[in-house]
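Taking it in order: structure first as structure tokens, then the write-up.
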Ligand code: SF4
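In the numbering used here, the protein residues as written are 23 to 345.
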């Protein structure tokens, strides 16, 4: 079992700098908001290696909602008008008990146009969908990778996963004011036929569909699938679009614009002193803090409140990794 670390004002852990929690700015009008790393499934292809039986992560994080809202507001003010907030998490956003409050208070920020979130759907209910609708949520990206109960359960690697329940959730969302986007991961050689079933299902609900390419990551769960490149992937989507009369490439309603990024506060190879504040997401890592940023320090055996000199090895998108 991973240890649960609560992140709040008192923790002294900033909410920019980590891939696992807080706010991520990738230089567009979309800000990713990550309130928790917790997930209730254990998908055998999970790109973040999250879930109830994760062998990758020794820590899970939950961020205090008021603390998170303060950081979101600051970044939204920096981004300006027509910002989209995408609550994605490296786990499952509906595991966050303050999700409705989070959406409701983000909706009150004048520069926010769209609020969207990802979900595996297992914890959504008719009531929860109503609450999220009332709070001002605009879109749910719902993961369904197969409509076949046996395969879907096998992919989730949990005995309780019930795709019929998630299908009911999809129908419920499609009846609400929240846009539904079904987001399956295409696993070549494993769910080829299932992807076509999902297209037919999405057509019947008149909802959006965003088929994703399976990408193996170093710290994700890897699955043996037929290797196809991006060209073949898009070709497949083009063929399926033609066959089913359903546009599977690009969604004109999702507007991604380039915007100024938060300035970087550390250069690569820069040596900095950080104060250790919490255990890291993975074994051998600790969370360090300096210049109002959180830094994942690899190969670190220091204790909480120790000061340590580290070298920044990555700073892309203000996500800091050090050694
Ligand atoms: S793929 Fe999503 S639902 Fe599945 S274990 Fe990973 S975070 Fe959880």
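Glycine residues also receive a C-beta, built at the ideal position from the N, C-alpha and C atoms.
The model shown is predicted, which means the values in this text are computed figures rather than measured ones.
According to DSSP, is residue i part of a helix, a strand, or is it coil?
i, result
"residue 106", "strand"
"residue 331", "strand"
"residue 161", "strand"
"residue 218", "helix"
"residue 310", "strand"
"residue 179", "coil"
"residue 147", "coil"
"residue 117", "helix"
"residue 79", "strand"
"residue 128", "helix"
"residue 305", "coil"
"residue 343", "strand"
"residue 278", "coil"
"residue 192", "helix"
"residue 270", "coil"
"residue 33", "helix"
"residue 241", "coil"
"residue 236", "coil"
"residue 42", "coil"
"residue 207", "strand"
"residue 152", "helix"
With a Cβ-Cβ cutoff of 7 Å, do residue i and residue j count as a contact?
i, j, result
"residue 127", "residue 200", "no"
"residue 7", "residue 194", "Residue 7 is absent from the model: the chain starts at 23 and stops at 345."
"residue 125", "residue 159", "yes"
"residue 333", "residue 345", "yes"
"residue 328", "residue 298", "yes"
"residue 300", "residue 27", "yes"
"residue 68", "residue 243", "yes"
"residue 103", "residue 133", "yes"
"residue 241", "residue 39", "no"
"residue 65", "residue 177", "yes"
"residue 420", "residue 270", "Because the chain spans 23 through 345 in this model, residue 420 falls outside it and cannot be assessed."
"residue 25", "residue 81", "yes"
"residue 247", "residue 256", "no"
"residue 112", "residue 205", "no"
"residue 94", "residue 136", "no"
"residue 105", "residue 278", "no"
"residue 354", "residue 315", "With the chain running from 23 to 345 in the structure shown, residue 354 is simply not present."
Restricting to Cα atoms, I'd like to know which of the options is closest to residue i.
i, options, result
"residue 210", "227, 223, 202 and 234", "234"
"residue 147", "98, 308, 291 and 116", "116"
"residue 83", "58, 69, 68 and 74", "58"
"residue 130", "111, 98, 43 and 224", "98"
"residue 189", "223, 179 and 207", "223"
"residue 35", "55, 24, 86 and 23", "86"
"residue 186", "198, 208, 220 and 197", "220"
"residue 108", "180, 303 and 56", "56"
Contact check, residue i vs residue j under 8 Å by CB: the rounded distance?
i, j, result
"residue 216", "residue 245", "14 Å between Cβ atoms; not a contact."
"residue 92", "residue 339", "Not really, about 21 Å apart at Cβ, beyond 8 Å."
*Is the stretch 161 to 174 touching the stretch 129 to 146 in the sense that three or more CB pairs, one from each, lie closer than 8 Å?*
yes
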